[in-house]
Amino acid sequence: EPDLTPPQRVYAANVFNVLAYSTGTPGRPVNAIPPKASANCQLRFVAGTDVDNIIPVLQAHLDKAGFGIVKVTPPPASNDGMFKATRTEPDHPWAMFVRNSVQRSTNSKPAIVPSMGGSICNDVFTDDLDLPAIWLPHSYTSCSQHAPDEHVLMSVCRSALDVMTGLYWDIGAGDVPPRAA
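For the sequence shown, counting from 1, position 30 maps to 30 in this note's numbering; every step adds exactly one.
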């Protein structure tokens, strides 16, 4: 997507990732092109993506590009959890309420990302219950998220406590948007 900015490529477009792959026989390597290979991949998708057609569309794309030998298969049952990606508009009354609360608590303007990929069950709230989904992540760029040495800094925990205490205080004050907006 050459016309998108780097943040838009991360948050506003589907992203295909190769998570792991294997070729040949690692225990008995030979100096030859291996006869087969396999890759475990992931598609981080945005709201509006037709999740039921991801595999057929990807297979058709590979076939058209001359890679018909490559076969796209569904994930194993142990890793087939799929939720719809969701989007709460930044100007939604609850999004604005939370943004203002966080800004008051931190004295800084929060970064707003309107979409949430399909790896968290937000669709239960947005689609089934007709509620906005608002996430307040507490992390930093070197946290090694989901890696063997995943961690969080004490300063991030303190900041998270400040943010969440302020938000709950503001909700408890009672001047909140109506449930349906």
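The C-beta atom is built at its ideal place from N, Cα and C for all residues, glycine as well.
Since this is a predicted model, take the numbers as computed values, not measurements.
Closest to residue 48 by C-alpha separation, out of 145, 93, 88, 159, would be which residue?
It is 88 whose Cα lies nearest to the Cα of residue 48.
What residue range does the alpha helix (DSSP H) around residue 113 cover?
Boundaries cannot be given for residue 113, as no alpha helix (DSSP H) includes it and DSSP labels it neither H nor E.
At what residues does the beta strand (DSSP E) containing residue 160 begin and finish?
Segment 154-172 is the alpha helix (DSSP H) holding residue 160; no beta strand (DSSP E) there.
Using only the alpha-carbon positions, how far apart do residue 27 and residue 38 sit?
The C-alpha of residue 27 lies about 16 Å from the C-alpha of residue 38.
Looking at the unbroken beta strand (DSSP E) that takes in residue 18, where does it start and where does it end?
Run containing residue 18: 15-23, per the beta strand (DSSP E) assignment.
To the nearest angstrom, report how far apart residue 17 and residue 164 are at their CA atoms.
If I take the Cα positions, the gap works out to 33 Å.
Is there contact between the stretch 125-144 and the stretch 93-104, where contact requires at least three CB pairs shorter than 8 Å?
Because the criterion of three Cβ pairs below 8 Å is met, the stretch 125-144 and the stretch 93-104 touch.
What distance in whole Å lies between the Cβ atoms of residue 138 and residue 113, which are believed to be in contact at a cut-off of 8 Å?
That belief does not hold up - the Cβ atoms of residue 113 and residue 138 are roughly 14 Å apart, past 8 Å.
Between which two residues does the alpha helix (DSSP H) holding residue 39 run?
According to the DSSP assignment, residue 39 belongs to no alpha helix (DSSP H) but to the beta strand (DSSP E) extending over 37-44.
By DSSP, does residue 232 sit in helix, in strand, or in coil?
Given that the chain is displayed from residue 1 to residue 181, the structure contains no residue 232 and the question cannot be resolved.
What did DSSP end up calling residue 106 once you bin it into helix, strand or coil?
Three-state DSSP puts residue 106 in a helix.
Would you call the CB atoms of residue 51 and residue 13 closer than 8 Å?
Taking 8 Å as the Cβ cut-off, residue 51 and residue 13 do not qualify as a contacting pair.
Quick one, which of 15, 34, 30, 11 has its alpha-carbon nearest residue 22's?
Nearest in C-alpha terms to residue 22, of all of 15, 34, 30, 11, is 34.
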